[in-house]
Amino acid sequence: MLTMDQIHNIRSRFFEKGENISQIATELNLDWKTVQKYVDRTDFNLPASRTLSKPKF
């Protein structure tokens, strides 16, 4: 998982500077699928964790 600074860097390069995904991936030494995932994602909150119920017996 990337830090929020890394994610912000990826998104600003893509949306503000207009760099393409493969160029960003090459320069940051990341897989293009990882860069694509963070460009497409809009919600960066972690999913809520499930609470386990106590056994009934």
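For my numbering, count along the sequence shown from 1 and bump the result up by 2. For each residue, glycine too, the CB sits at the ideal point set by N, CA and C.
Close-in-space but distant-in-sequence residues of the same chain around residue i (CB under 6 Å, 5 per side omitted)
| i | result |
| --- | --- |
| V41 | F16 |
For residue i, three-class secondary structure by DSSP
| i | result |
| --- | --- |
| E29 | helix |
| D42 | helix |
| S55 | coil |
| K19 | coil |
Close beta carbons around residue i, own chain, < 7 Å, minus the five adjacent residues each side
| i | result |
| --- | --- |
| E29 | none |
| R13 | Y40 and V41 |
For residue i, the nearest candidate out of the options (CA to CA)
| i | options | result |
| --- | --- | --- |
| Q38 | K58, S14, S24 and H10 | S24 |
| N31 | R52, Q8, T53 and S51 | Q8 |
Under 9 Å between C-beta atoms of residue i and residue j
| i | j | result |
| --- | --- | --- |
| I36 | L4 | The amino acid at residue 36 is misidentified as Ile; the sequence shows Thr. In this structure, L4 lies closer than 9 Å to T36 by Cβ. |
| M6 | F59 | no |
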